[in-house]
Amino acid sequence: MKKFLVIGNPIEHTLSPKLHNYWIKNNKLDAIYGKIKTYEKDLPELCKNIKDGNLNGINVTVPFKKTIIPFIDILSGHALRTQSVNTISCRDGNLIGDNTDIDGFELSIKKLNYDVSDKIIFILGAGGVVSSIIYALMRMKVKKIVLTNRTKEKAENLKKMFKDIEIMEWGKISNFDMIINATSVGLKDSDKFDLDFSKVGSGKFFYDIIYQPFETEFSKAGNMEGNKIVNGLSMFLFQAQKAFNIWHNLEPNIDENLIKFLMEEI
Ligand code: ATR
405 MKKFLVIGNP
415 IEHTLSPKLH
425 NYWIKNNKLD
435 AIYGKIKTYE
445 KDLPELCKNI
455 KDGNLNGINV
465 TVPFKKTIIP
475 FIDILSGHAL
485 RTQSVNTISC
495 RDGNLIGDNT
505 DIDGFELSIK
515 KLNYDVSDKI
525 IFILGAGGVV
535 SSIIYALMRM
545 KVKKIVLTNR
555 TKEKAENLKK
565 MFKDIEIMEW
575 GKISNFDMII
585 NATSVGLKDS
595 DKFDLDFSKV
605 GSGKFFYDII
615 YQPFETEFSK
625 AGNMEGNKIV
635 NGLSMFLFQA
645 QKAFNIWHNL
655 EPNIDENLIK
665 FLMEEI
């Protein structure tokens, strides 16, 4: 039986095992997918387990997408460019680090038929997934990306990777067509944004990376007539579909039944 894991900390909220095990069952594969709360000191051992064949693949989530890199032998182009790995597999004895967040984000936008080209994008946050989002947006030829983060240094580090982005002080709101919440604010019901969205106007697209809870503070803030609101479920599903494809060489279905099944827990 093949064994897969998602590693991260916190890990309680993840829907990855439920999703991958659903696809494993539907495709009649002999495999199992679990989750493990991980600390940085565990990373070498986990990687060794893949090399030794005790594990067949790992999904990496917050906060290890970057810190896992020294233990990987070969990075895909996407992982290299963003310095972010979310999917690990083993080929010919080498650990391969992939980044499926980029395609996940891009597919989620395409599915909505929202044309980002020529749009101004305002990103809140500078955590592990943001380099993938910036990279995907640049590939989709957006007009401008403005980024703000509570800790300015992290925003500036991203600017070193992506010279064309503009950094804004935390607390200020840029002019934008689409705003992306890539902070962890909203994961807990008690979380509140200290940003004022009341004057941003209508016709805006509010995209929250968070999908659990389904409706967050951020999505409530954007919930005004004429605005478009989306949460991170679609990105989550598409990044997982790509990871599944890397490991099992087949593309699993995303349909209403699957979404209903996952939503039972959200
Ligand atoms: P990591 O930073 O370890 O990659 P993450 O969950 O991907 O973790 O990122 C958390 C993001 O949410 C960061 O941008 C963080 O801002 P800081 O860099 O200042 O920590 C942001 N964040 C978390 N709590 C926040 C809060 N209460 N207000 C504003 N931003 C917050």
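Counting along the sequence shown from 1, when you hit position 43 you're at 447 in this note's numbering, and nothing is skipped either side. Note that beta-carbon positions come from the ideal geometry of N, C-alpha and C, so glycine has one too.
Between residue i and the rest of its own chain, which residues show a CB-CB distance below 7 Å, the 5 nearest in sequence each way excluded?
i	result
T504	N490, T491, Q643, K646, A647
S578	F526, V550, M572
S623	F610, D612, I633, N635
S606	M628, E629, G630, N631
N553	G529, A530, A559, W574
Quick check on residue i: does DSSP put it in helix, strand or coil?
i	result
S512	helix
R495	strand
G590	coil
Y426	helix
K406	strand
Residue i: which of the options sits nearest, CA to CA?
i	options	result
N635	E629, A625, K514, T620	T620
D507	R554, G529, D595, L541	L541
N585	K558, L447, G626, L662	G626
L662	D502, K596, L637, A530	L637
D456	V464, N425, F468, D496	D496
For residue i, which residues in the same chain have their Cβ closer than 6 Å to its Cβ, ignoring the five residues on either side in sequence?
i	result
K441	N413, I415
I428	A435
L674	Summary: the structure shown does not reach residue 674, with the chain confined to residues 405 through 670, and so no result is reported for it.
Taking 7 Å as the line, does the beta carbon of residue i fall inside it for any heavy atom of the ligand ATR?
i	result
G532	yes
R554	yes
S493	no
T588	According to the sequence displayed, residue 588 carries Ser and not Thr. For the ligand ATR, at least one heavy atom lies less than 7 Å from the Cβ of S588.
K608	no
V466	yes
K558	yes
G412	no
G529	yes
Note down, in chain order, each residue of its chain lying with its Cβ closer than 8 Å to the Cβ of residue i, except the 5 sequence neighbours on either side.
i	result
L459	K407, F408, L409, L450, N453
F566	S535, I538, Y539, M542, I549
To test your reading of the DSSP string, which unbroken alpha helix (DSSP H) runs of 4 or more residues are found completely within the region 516-575?
If we require 4 residues or more, the alpha helix (DSSP H) runs fully inside the region 516-575 come out as 534-543, 556-565.
* Asked: Fully enclosed by the region 593-628, which beta strand (DSSP E) runs are 3 residues long or longer?
  -> 609-612, all fully within the region 593-628.
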